[in-house]
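Novice: I'd like to ask you about the structure that follows.
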Amino acid sequence: EKQSNDIWGGEEVPECEFPSDDLDERIVPEYEIIFKQKVTSEDIFFGMSNKNPSTACCEDLVAKINLPETKYADVNLNVTDTFLDCQTPKYKLGMHFPHCVESKNGKAQWDSDKGLLTVTVPLRREYDFLDVHSQ
């Protein structure tokens with residue numbers, strides 16, 4: 539809460555979940571962020587839902603993190619509504635999401651053959667009540 543002499547309130551200061559550590563020599567793994575959209579045949583053939591290919595119409599954010607030569611037991615993953623923290627003995631990734639997500643409803647999947655961690659989290663859709671896609 540904001541005190542009388544504070545410049546900013548607590549909600550105005552961004553979280554810093556991942557302090558930088560110049561002495562940490564772990565590698566930042568290769569990763570990609572994909573926006574996922576749930577479409578039906580009505581969307582594809584009739585265009586009835588006013589969805590378009592933009593990220594504004596996507597429901598999920600998918601982060602694919604390449605962690606070769608890593609075991610599932612060595613992966614430490616922490617996801618908040620604004621940040622993803624993935625650490626292993628060899629790799630370290632800390633990234634802010636481009637949009638707020640619903641971290642409590644997310645899921646992670648490990649592919650041991652590929653050394654690939656796939657994290658899927660629903661996007662927080664705060665302004666869906668504004669129908670900006672129909673214009």
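Quick note: to get our numbering, add 538 to the position in the sequence shown (first position is 1).
Even glycine gets a Cβ: it sits at the ideal position worked out from N, Cα and C.
A quick note: this is a predicted structure, and the numbers were derived from the prediction, not measured.
Answer with buried or exposed for Leu655, where buried requires no fewer than 16 other C-beta atoms within 10 angstroms of its C-beta.
Specialist: It counts as buried.
Novice: Looking at Val657: is its Cβ nearer than 9 Å to the Cβ of Lys609?
Specialist: Contact flag unset, no.
Novice: Within 10 angstroms of its Cβ, does Val577 collect 16 or more other Cβ (buried), or is it exposed?
Specialist: Per the 10 Å Cβ criterion, exposed.
Novice: Is Asn604 near Pro567, with beta carbons less than 9 Å apart?
Specialist: Contact flag set, yes.
Novice: Below 6 Å CB to CB, which residues in the same chain sit around Gln673 once its five sequence neighbours on both sides are set aside?
Specialist: The predicted position of Gln673 is uncertain, since its pLDDT is 45 and thus under 50; no value can be drawn from it.
Novice: From Glu664, Asp560, Glu640, pick the residue whose C-alpha is nearest to that of Phe621; which is it?
Specialist: The residue with the shortest Cα to Cα distance from Phe621 is Glu640.
Novice: Would you kindly check if the distance between the Cβ of Val613 and the Cβ of Ile572 is under 9 Å?
Specialist: No.
Novice: Beta-carbon within less than 6 Å of Asn643's beta-carbon, same chain only, minus the 5 sequence neighbours each way: which residues are those?
Specialist: Excluding residues within five positions, the ones whose Cβ falls inside 6 Å are Pro660.
Novice: Roughly how many angstroms separate the alpha carbons of Lys574 and Ser650, rounded to a whole number?
Specialist: Computed Cα separation, rounded: 23 Å.
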